[in-house]
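If you use the working numbering, the sequence shown corresponds to residues 22 to 257, in order.
Some notes on the structure that comes next.
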Amino acid sequence: MLAVCLLCACGPRHQVSVLADPPRAEPVPELEPESELPPGVFHRVRPGQTLWRIARTYGVELESLVEANSILDPSRIVTGDMIWIPGARDTVEVGVHVPEGAAAAGEWIWPVRNGVVLSGFGAPRRSHRHGGLDIKGFAGQPVVAARSGRVVYAGAGLRGYGKTVILDHSDGIRSLYAHNSALLVRVGERVDQGQSIARIGRTGNATTEHCHFEIRVNDRRVDPSRWLSPARRAAR
Ligand SMILES: [Zn+2]
Numbered sequence: 022m023l024a025v026c027l028l029c030a031c032g033p034r035h036q037v038s039v040l041a042d043p044p045r046a047e048p049v050p051e052l053e054p055e056s057e058l059p060p061g062v063f064h065r066v067r068p069g070q071t072l073w074r075i076a077r078t079y080g081v082e083l084e085s086l087v088e089a090n091s092i093l094d095p096s097r098i099v100t101g102d103m104i105w106i107p108g109a110r111d112t113v114e115v116g117v118h119v120p121e122g123a124a125a126a127g128e129w130i131w132p133v134r135n136g137v138v139l140s141g142f143g144a145p146r147r148s149h150r151h152g153g154l155d156i157k158g159f160a161g162q163p164v165v166a167a168r169s170g171r172v173v174y175a176g177a178g179l180r181g182y183g184k185t186v187i188l189d190h191s192d193g194i195r196s197l198y199a200h201n202s203a204l205l206v207r208v209g210e211r212v213d214q215g216q217s218i219a220r221i222g223r224t225g226n227a228t229t230e231h232c233h234f235e236i237r238v239n240d241r242r243v244d245p246s247r248w249l250s251p252a253r254r255a256a257r
């Protein structure tokens with residue numbers, strides 16, 4: 022007697038194959054203890070970090086970050102954003118990307134109130150190009166921390182720089198304030214953004230009272246004017 026497959030009316034062949042290869046129960050995957058399956062961590066975006074770099078550093082797909090965080094435009098994440106990293110156990114250091122425009126503006130304030138730029142970044146000098154901004158000020162005027170950080174240098178040992186403060190911002194970025202008449206902080210001290218760290222002078226290789234201000238990303242000097250908000254400057 023011929024059996025007929027009721028689903029596709031293909032005749033006995035189908036039924037034979039079904040009988041020859043009976044369905045097996047799917048193996049049930051063994052569940053790991055919950056502690057072995059971390060749900061993820063929050064990563065706080067630091068200046069210069071891109072979503073692409075965050076994804077690559079954590080070893081996750083960019084798309085999964087976009088989806089997990091409902092991000093409309095991955096190029097527009099900003100400093101301070103909390104990014105959910107699905108599956109990550111711990112937060113990790115993420116390298117920085119030197120911004121092409123004012124990507125990191127807002128995180129920094131001008132180190133000299135009402136500062137007028139005397140000489141910009143990259144301006145030609147006798148034997149080199151200018152590695153920072155020269156911001157005019159009056160003698161004794163406070164120089165403030167452009168961003169919160171830790172003092173890693175406070176002294177007069179850097180040739181040409183005069184009395185200088187260097188702050189470390191713990192994400193591969195440092196800021197430097199040179200030619201001061203007095204230093205108000207010591208190495209190891211933590212300083213808040215806006216805190217007075219020195220007084221303007223003309224020590225070192227300087228012809229007038231000003232603050233030579235540098236931002237260094239992984240020991241490479243970058244143009245600080247790209248990091249400082251013009252609006253803030255006007256407001257200060
Ligand atoms: Zn300078």
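The beta-carbon is built from N, C-alpha and C at its ideal position, and this holds for glycine as well.
Checklist entry - Hey, is the segment 96 to 112 in contact with the segment 143 to 162, meaning 3+ C-beta pairs nearer than 8 angstroms? => result no
Item to check | Residues bridged to residue 185 [DSSP beta-bridge criterion] | outcome: 176
Next on the checklist: Quick test of your reading: residue 85 and residue 60, contact by CB under 8 angstroms. State the CB separation rounded to the nearest angstrom.
Outcome noted: Their Cβ separation, rounded to whole angstroms, is 13 angstroms, which puts residue 85 and residue 60 out of contact at 8 angstroms.
Item to check | Residue nearest to residue 225 in terms of C-alpha spacing, selected from 201, 111 and 166 | outcome: 201
Checklist entry - Could you give the distance in angstroms between the alpha-carbon of residue 227 and the alpha-carbon of residue 66? => result 37 angstroms
Next on the checklist: Taking its Cβ as the centre, do 16 or more other Cβ atoms sit within 10 Å of residue 128, making it buried, or is it exposed?
Outcome noted: buried
Next on the checklist: I'd like the list of long-range same chain contacts for residue 167, defined as Cβ closer than 6 angstroms, with 5 residues on each side in sequence excluded.
Outcome noted: 129, 130, 132 and 196
Checklist entry - If you measure from the CB of residue 202, is any heavy atom of ligand 1 nearer than 7 angstroms? => result no
Item to check | Neighbour-count burial assignment, residue 71, 16 or more Cβ in a 10 Å radius | outcome: buried
Next on the checklist: Assuming residue 247 and residue 152 are in contact, meaning their beta carbons sit under 8 angstroms apart, how far apart are those beta carbons, in whole angstroms?
Outcome noted: With a Cβ gap of about 14 angstroms, residue 247 and residue 152 do not count as contacting.
Next on the checklist: Following a CB-centred definition, is residue 262 positioned closer than 7 angstroms to any heavy atom of ligand 1?
Outcome noted: Residue 262 cannot be examined here, being either before or after the span of the chain that is shown, 22 to 257.
Checklist entry - If we count the other Cβ atoms within 10 Å of its Cβ and call it buried at 16 or more, is residue 231 buried or exposed? => result buried
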